[in-house]
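There are 2 protein chains.
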Amino acid sequence: MAEHIYWEDFQVGRTVTLGEKHVTREEIIAFATEFDPQPFHLDETAAKDTPLGGLAASGWHSCAMLMRMICDGYLVNSSSLGSPGLDEVKWLEPVRPGDVLTARYTCVEARPSESRPNFGVCRMHYEVFNQFDRPVMTWDCTQFFGRRSADGSP
Amino acid sequence: MAEHIYWEDFQVGRTVTLGEKHVTREEIIAFATEFDPQPFHLDETAAKDTPLGGLAASGWHSCAMLMRMICDGYLVNSSSLGSPGLDEVKWLEPVRPGDVLTARYTCVEARPSESRPNFGVCRMHYEVFNQFDRPVMTWDCTQFFGRRSADGSP
Chain B
353 MAEHIYWEDF QVGRTVTLGE KHVTREEIIA FATEFDPQPF HLDETAAKDT
403 PLGGLAASGW HSCAMLMRMI CDGYLVNSSS LGSPGLDEVK WLEPVRPGDV
453 LTARYTCVEA RPSESRPNFG VCRMHYEVFN QFDRPVMTWD CTQFFGRRSA
503 DGSP
Chain F
353 MAEHIYWEDF QVGRTVTLGE KHVTREEIIA FATEFDPQPF HLDETAAKDT
403 PLGGLAASGW HSCAMLMRMI CDGYLVNSSS LGSPGLDEVK WLEPVRPGDV
453 LTARYTCVEA RPSESRPNFG VCRMHYEVFN QFDRPVMTWD CTQFFGRRSA
503 DGSP
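Residue numbers (the numbering used here), protein chains in the order written: chain B, 353 to 506; chain F, 353 to 506.
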């Protein structure tokens with residue numbers, strides 16, 4: 353079993369690869385039907401005449417798929433304490449049925465929490481690519497992790 | 353039928369109320385199971401010992417629920433041309449089973465697209481509240497809309 357990851361284990365500047373996600377037409381339509389029922393996320397014909405040029409996943413579905421890759425890649429094996437949010441989400445290219453997404457993240461900053469001695473804070477940069485190695489989405493976000501030394505010593 | 357909304361119809365500084373969403377335990381768990389399977393989004397007992405203090409929706413589920421409110425509120429009846437992303441997402445308070453969410457948005461900037469004469473750009477601030485009128489989430493994002501005058505005249 354992989355060793356449990358604490359805040360101290362994140363190395364600033366290191367890029368870590370996450371898993372892979374095969375995007376299906378059925379999933380695109382199912383997510384959009386429930387959460388983002390705009391025509392270009394539901395129907396190929398309707399989408400053709402829009403700037404997306406064809407059926408594409410909701411940007412929120414891209415976010416949800418990345419979140420699953422993050423959980424599977426390391427997060428559920430970590431002392432994750434959630435996130436206060438994101439500084440930036442960029443949707444760069446359409447995500448199509450049949451795309452194979454890969455992702456990676458870089459810890460860009462790590463600091464102890466000022467207010468809670470058992471917490472550490474990381475700022476992360478996430479990148480998602482399609483099978484043509486084109487970036488389709490990036491995130492800049494903040495994540496909280498429990499510290500290995502539960503009494504807060506560095 | 354409500355009149356179709358174009359870029360020119362958004363008034364800078366005006367706040368518009370969206371609909372309401374009743375959050376269920378089943379939906380929280382279903383979304384988290386597929387997209388964010390961290391224990392505090394899946395199980396009340398596991399969540400009690402975390403800073404969330406009890407079962408709470410994934411922040412990405414909150415985003416997806418707001419997107420549905422946006423679609424139902426006005427977006428599918430507009431000339432929406434998607435979004436390049438968000439400048440900020442803030443997850444301010446846990447979203448619990450049984451919560452009733454309401455939302456509103458304010459157009460903070462509207463300008464014609466420099467590159468595409470048929471497009472207008474709006475920057476929006478979205479706010480989601482729970483039944484105690486506490487803000488649970490905010491977004492700052494950019495949205496594209498088609499212009500009423502398809503030939504690009506102002």
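Beta carbons: idealized from backbone N, C-alpha and C, even for Gly. These numbers come from a predicted model, not from an experiment.
Beta-bridge partners of residue i, as assigned by DSSP
| i | result |
| --- | --- |
| Arg475/B | Glu461/B, Thr494/B |
| Ala384/B | According to DSSP, which records beta bridges pairwise, Ala384/B is partnered with nothing at all. |
| His374/F | Val452/F |
| Leu438/F | Val441/B, Cys493/F |
| Ser432/B | Phe497/B |
| Ile357/B | Ser430/B |
| Phe488/B | The identity of residue 488/B in the sequence shown is Val, whereas the question assumes Phe. For Val488/B, which the question treats as bridged, DSSP gives no partner whatsoever. |
Identity of the residue in the options nearest residue i by Cα
| i | options | result |
| --- | --- | --- |
| Val375/F | Phe496/F, Cys415/F, Ser435/F, Ser432/F | Cys415/F |
| Glu445/B | Phe392/B, Arg499/B, Met489/B, Lys400/B | Met489/B |
| Asp492/B | Thr458/B, Phe471/B, Phe484/B, Gly498/B | Thr458/B |
| Glu378/B | Asp439/B, Ser410/B, Thr369/B, Glu440/B | Ser410/B |
| Leu394/B | Asp361/B, Gly498/B, Pro403/B, Ala382/B | Ala382/B |
| Pro403/B | His413/B, Pro391/B, Trp412/B | Pro391/B |
Assigned exposure category for residue i - 16 Cβ within 10 Å defines buried
| i | result |
| --- | --- |
| Pro487/F | exposed |
| Asp528/F | Chain F is shown from 353 up to 506; residue 528/F falls before or after that span and cannot be answered. |
| Ala455/B | buried |
| Gln363/F | exposed |
| Lys373/F | buried |
| Glu479/F | buried |
| Val441/F | buried |
| Val447/B | buried |
| Ala399/B | buried |
Alpha-carbon to alpha-carbon, residue j and residue i
| i | j | result |
| --- | --- | --- |
| Ser501/F | Glu355/B | 60 Å |
| Ser431/B | Val473/B | 12 Å |
| Ser465/F | Asp485/B | 28 Å |
| Gly405/B | Ser435/F | 14 Å |
| Met417/B | Phe387/F | 6 Å |
| Pro449/F | Ile380/F | 7 Å |
| Phe481/B | Met421/F | 29 Å |
| Ala462/F | Gly365/F | 10 Å |
| Phe496/F | Arg499/B | 42 Å |
| Trp412/B | Asp424/F | 16 Å |
| Val368/B | Met476/B | 11 Å |
| Ala408/F | Gln483/F | 15 Å |
| Arg468/F | Asp361/B | 46 Å |
| Asp401/B | Leu433/F | 11 Å |
| Leu453/B | Glu396/B | 20 Å |
Beta carbon proximity, residue i to chain F, threshold 9 Å
| i | result |
| --- | --- |
| Asp439/B | yes |
| Pro469/B | no |
| Glu378/B | no |
| Lys442/B | yes |
| Ser501/B | no |
| Leu433/B | yes |
CB contact check: residue i to chain B, cutoff 9 Å
| i | result |
| --- | --- |
| Gln390/F | yes |
| Met476/F | no |
| Ala416/F | yes |
| Arg420/F | yes |
| Glu386/F | yes |
| Pro464/F | no |
| Gly411/F | yes |
| Phe481/F | no |
| Leu407/F | no |
| Pro403/F | yes |
| Phe496/F | yes |
Neighbour list for residue i in chain D, Cβ cutoff strictly below 9 Å
| i | result |
| --- | --- |
| Val428/B | The structure shown contains no chain D; its protein chains are B and F. |
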